[in-house]
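Data first, discussion second: the structure below is written as structure tokens.
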Amino acid sequence: MSTIHFFQIFIAFYLKLVFLLTPFFILGYFLSVTHGLDQKEKTHLVVEVTKAIVIVCLLIFFGGRWIMQIFGITVDAFRAGSGVLLILTAINQVQTNDPPERKRTISAAYLFEMALVPIAVPITAGPAVLGTLMVYGMDYGFPENIPLALSIIVACVTIGVILYQADKIEKWLGRGRITILTKLTGLILSAIAVQMITIGVRNLWFNAP
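Take the sequence shown: its letters are residues 1 to 209, numbered as in the numbering used here.
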């Protein structure tokens, strides 16, 4: 694999994955659940969330092939199903307003327990994200999966950086603009979802016995 091809795969999948991870939706949710925490507590939570997302996404990306074999599911069937989940996520993003800010009525320890569930999974790495990763993990083998895995790590770290700078981003953009960007992300996700459904259904139709 040439260096140019490596970076083409890396950049293309990185950009797609960042949109799939819905950073502005996560940002709004994170601002709500961490309202009232000090910066040290927020930083700890961001680190735990980022680590959880990286681990879960890489496990699904590299282990998805065996999961599919165990359940006897074809790649195209999973692609179409993941597309349906993704388009539901996109619709939810376009239609849903910002979650209301919570008052500080729960302990910081409880928020840290939320790092894996629900902040990392399923809010950040939801069924649509994990389904997409599983499909790509089955579609690409070595050495193409190397830049894809690197894209996953960098995209997850990007989400972590966004959450770390959540307060600054909110001051800079304002909650209203974050909501607008969330809805625009939903539109892009809907286009990706339609493409996944179309390819999956087409392949299932023409490859049907």
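Idealized CB from N, CA, C, for every residue including glycine.
None of these values were measured; they are calculated from a predicted model.
Quick check on DSSP: helix, strand or coil for residue 95?
Residue state, collapsed to three classes: helix.
Specify the secondary structure class of residue 105 as computed by DSSP and reduced to three states.
Below a pLDDT of 50, predicted positions are generally treated as unreliable, and residue 105, at 46, falls in that range; the measurement from the model is reported next regardless. Residue 105 falls in the coil class under three-state DSSP.
Count the other C-beta atoms from every protein chain shown that fall within 10 angstroms of the C-beta of residue 79, then say buried if there are 16 or more, exposed otherwise.
A residue is called buried once 16 or more other Cβ atoms fall within 10 Å of its Cβ, and residue 79 is buried on that count.
8 Å Cβ cutoff met for residue 120 and residue 200:
It is not a contact, given that the beta carbons lie outside the stated cut-off.
Please give the ranges of any alpha helix (DSSP H) in the segment 34-78, keeping only runs that are unbroken, at least 4 residues long and fully inside the region.
39-71
Under 8 Å, with one C-beta from each stretch per pair, do the segment 69-76 and the segment 167-186 reach the 3-pair mark?
With the rule of 3 Cβ pairs closer than 8 Å, the segment 69-76 does not count as touching the segment 167-186.
Around the C-beta of residue 34, are 16 or more other C-beta atoms found within 10 angstroms, so that it is buried, or is it exposed?
buried
Can you tell me whether residue 80 is helix, strand or coil according to DSSP?
helix
Roughly how many angstroms lie between the CA atoms of residue 12 and residue 116, to the nearest whole one?
27 Å
State buried or exposed for residue 103, treating a residue as buried only when at least 16 other CB atoms are found within 10 Å of its CB.
For residue 103, the pLDDT reaches just 44, beneath the cut-off of 50, and the residue's location in the model is therefore unreliable, leaving the point undetermined.
Among residues of its own chain, excluding the 5 on either side of residue 91, which ones have a beta-carbon nearer than 8 Å to its beta-carbon?
186 and 190
Residue 2 burial status per 10 Å Cβ neighbour count (16 or more: buried):
exposed
Cβ contact check for the segment 26-44 and the segment 139-153: 3 or more pairs under 8 Å
Taking 8 Å as the limit for Cβ pairs, the verdict is that the segment 139-153 does not touch the segment 26-44.
Going by Cα to Cα distance, which pick from 206, 87, 155 and 46 is closest to residue 165?
46
Just how far apart, CA to CA, sit residue 26 and residue 65?
28 Å
Does DSSP put residue 165 in a helix, in a strand, or in coil?
coil
What do you get for residue 63, buried or exposed, if any count of 16 or more other CB atoms within 10 angstroms of its CB means buried?
exposed
If we require 4 or more residues per run, which alpha helix (DSSP H) segments fall completely within the segment 130-174?
Correct list: 145-164 and 166-173.
Continuous alpha helix (DSSP H) stretch holding residue 3: start and end
3-20
Alpha-carbon spacing of residue 53 relative to residue 153, whole angstroms
9 Å
Just mark residue 131 as buried or exposed, buried being the case when its beta carbon has 16 or more other beta carbons within 10 Å.
buried
Under 8 Å, do residue 155 and residue 17 count as touching if we go by C-beta distance?
In this structure, residue 17 lies closer than 8 Å to residue 155 by Cβ.
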